[in-house]
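Below is one structure, written out as structure tokens; the observations come after it.
In the numbering used here, the protein residues as written are 6 to 318.
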């Protein structure tokens, strides 16, 4: 978020890994960083870590569960009130949807969704919808960065219906297909990002809000903490030998590149750092599929959108 010299960025989840590193780097750029996470203790520890790296950092933490639409809505209310009460005179300039999990066993959210899909896709969908008016009202152009994964390329065909988008179809499987769900959720986030970019262009708002995607590549973070240790060790060992394992800095750079890219860049897939962009999979660029996903997700969440047009966000 930005107002005058102060800039404010909500980032979920910034309590560990790439999220923590991103929050620290952006605080050093002079941004006021709003950190969102589930654990109050982790949020407190994160603030201390960032302050240790940058004692001048302006930070604000909010507790919220990104897998819960209700929790995100409560966060939105708290954020708006904080913006009104704060003497930092901030406005929302950048939103980074960074939260992601790789769950190896089925879990259901309070709203009845598969938790991995809810965290990796539905949560960012709700968060973006909720903060879009604040991004639009920023006195300077604003940006949305959705953190996805190269694993979306593993999905070669996709069924779009409420059972699949909510994850309920996967929950019925005898053996929880966690790798497939992770790949699917990241493709959904990518399709949503491109569709949001197109919707903003159609509404004549592409000069105000820019939407990009960041792919950190294969980085050894704690996202695989639920995968058996022997399997994750072998996976990282092989990837390192094949020179496919990205350094932590390189993975983080793609997120920073997307967040700090000059105004005018939108609908772009950042990968590899140094401002590098590449094409995502052909399926992720299917405009009809993206629109179907948009509509199905909106129906699932009973979302009412911009203006009076149902197909606008």
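Idealized CB from N, CA, C, for every residue including glycine.
Computed from a predicted structure; not experimentally measured.
- Measure the Cβ-Cβ separation of residue 217 and residue 131 and say whether it is below 8 Å. Within the chain shown, the letter at position 212 stands for residue 217. Within the chain shown, the letter at position 126 stands for residue 131. Not closer than 8 Å, so no.
- Query: What do you get for residue 65, buried or exposed, if any count of 16 or more other CB atoms within 10 angstroms of its CB means buried?
  - Reply: The count along the chain shown starts at 1 and reaches residue 65 at position 60. That one is buried.
- Item | Of the residues 127, 120 and 111, the one placed nearest residue 304, counting alpha carbons only | Start at 1 with the first residue of the chain shown, and residue 304 comes out as number 299. It is 127 whose Cα lies nearest to the Cα of residue 304.
- Uninterrupted beta strand (DSSP E) stretches inside the segment 89-159 (no shorter than 3 residues): 99-102 and 147-152
- Query: Candidates 294, 31, 54 and 51: which alpha carbon is nearest residue 196's?
  - Reply: The sequence position of residue 196 within the chain shown is 191, counting from 1. Among 294, 31, 54 and 51, the Cα nearest to that of residue 196 is on 294.
- Host beta strand (DSSP E) of residue 65 (start-end): To locate residue 65, count along the chain shown from 1; it is residue 60. Unbroken beta strand (DSSP E) run through residue 65: 63-68.
- Message: Measuring straight from C-alpha to C-alpha, what distance separates residue 313 and residue 307?
- Response: Counted from its first residue, the chain shown places residue 313 at position 308. Counted from its first residue, the chain shown places residue 307 at position 302. The predicted position of residue 313 is uncertain, since its pLDDT is 36 and thus under 50; no value can be drawn from it.
- Go through its chain and collect everything with a Cβ distance to residue 299's Cβ below 6 Å, but skip five positions before and after it. By one-based count along the chain shown, residue 299 stands at place 294. Excluding sequence neighbours, residue 299 sits near 200.
- Message: Just verifying my parser: in three-state terms, what is the DSSP assignment at residue 24?
- Response: Within the chain shown, the letter at position 19 stands for residue 24. Here residue 24 sits in helix by DSSP.
- Item | Given residue 23 as reference, the closest of 204, 106 and 221 once Cα atoms are compared | For the purposes of this step, residue 23 is taken as residue 18 along the chain shown, with counting starting at 1. With distances taken between Cα atoms, residue 23 lies closest to 221.
- Task: Grab me the residues of residue 153's own chain with a C-beta within less than 6 Å of its C-beta, minus the 5 sequence neighbours each way, in chain order.
- Result: Within the chain shown, numbered from 1, the residue matching residue 153 stands at position 148. So the qualifying residues of the chain are 191, 194, 195, 218 and 220.
- Query: Quick one: is residue 212 buried, meaning 16 or more other Cβ sit within 10 Å of its Cβ, or exposed?
  - Reply: Working through the chain shown from its first residue, we reach residue 212 at position 207. Exposed.
- If I'm right that residue 156 touches residue 101 with Cβ under 8 Å, what's the distance once you round it to whole angstroms? Working through the chain shown from its first residue, we reach residue 156 at position 151. Working through the chain shown from its first residue, we reach residue 101 at position 96. That pair is no contact at about 19 Å.
- Message: Using the Cβ count rule (16 or more neighbours within 10 Å means buried), how would you classify residue 144?
- Response: Residue mapping note: residue 144 aligns to position 139 of the chain shown, counting from 1. Looking at its Cβ environment, which holds fewer than 16 other Cβ atoms inside 10 Å, residue 144 is exposed.
- Item | When 281, 141 and 63 are compared against residue 209, the one with the closest alpha-carbon | Working through the chain shown from its first residue, we reach residue 209 at position 204. Residue 141 is the option with its Cα nearest to residue 209.
- Query: Quick one: Cα of residue 231 to Cα of residue 107, how far?
  - Reply: The count along the chain shown starts at 1 and reaches residue 231 at position 226. The count along the chain shown starts at 1 and reaches residue 107 at position 102. Only weak support exists for where residue 231 lies, its pLDDT of 49 falling under 50; the value from the coordinates is given anyway. Answer to the nearest angstrom: the Cα atoms are 7 Å apart.
- By DSSP, does residue 42 sit in helix, in strand, or in coil? Translated into the one-based positions of the chain shown, residue 42 becomes position 37. Reduced to three states, the DSSP call for residue 42 is strand.
- Beta-ladder partner(s) of residue 220, from DSSP: Sequence index remark: in the chain shown, residue 220 carries index 215 (1-based). The partner list for residue 220 (beta bridge, DSSP) reads 276.
- Report back the beta-carbon spacing between residue 120 and residue 72 to the nearest angstrom; my notes put them in contact at under 8 Å. Against the chain shown, residue 120 aligns to sequence position 115. Against the chain shown, residue 72 aligns to sequence position 67. About 5 Å; that satisfies the 8 Å criterion.
- What is the DSSP secondary structure of residue 238, counted as helix, strand or coil? Position 233 of the chain shown holds residue 238. With a pLDDT of 46 at residue 238, under the threshold of 50, the modelled position of that residue is not reliable, and the figure given next carries that caveat. Residue 238 falls in the helix class under three-state DSSP.
- Item | Residue closest to residue 139, alpha-carbon to alpha-carbon, out of 289, 13 and 285 | Residue 139 sits at position 134 when you count from the first residue of the chain shown. Residue 139 has its Cα closest to that of 13, out of 289, 13 and 285.
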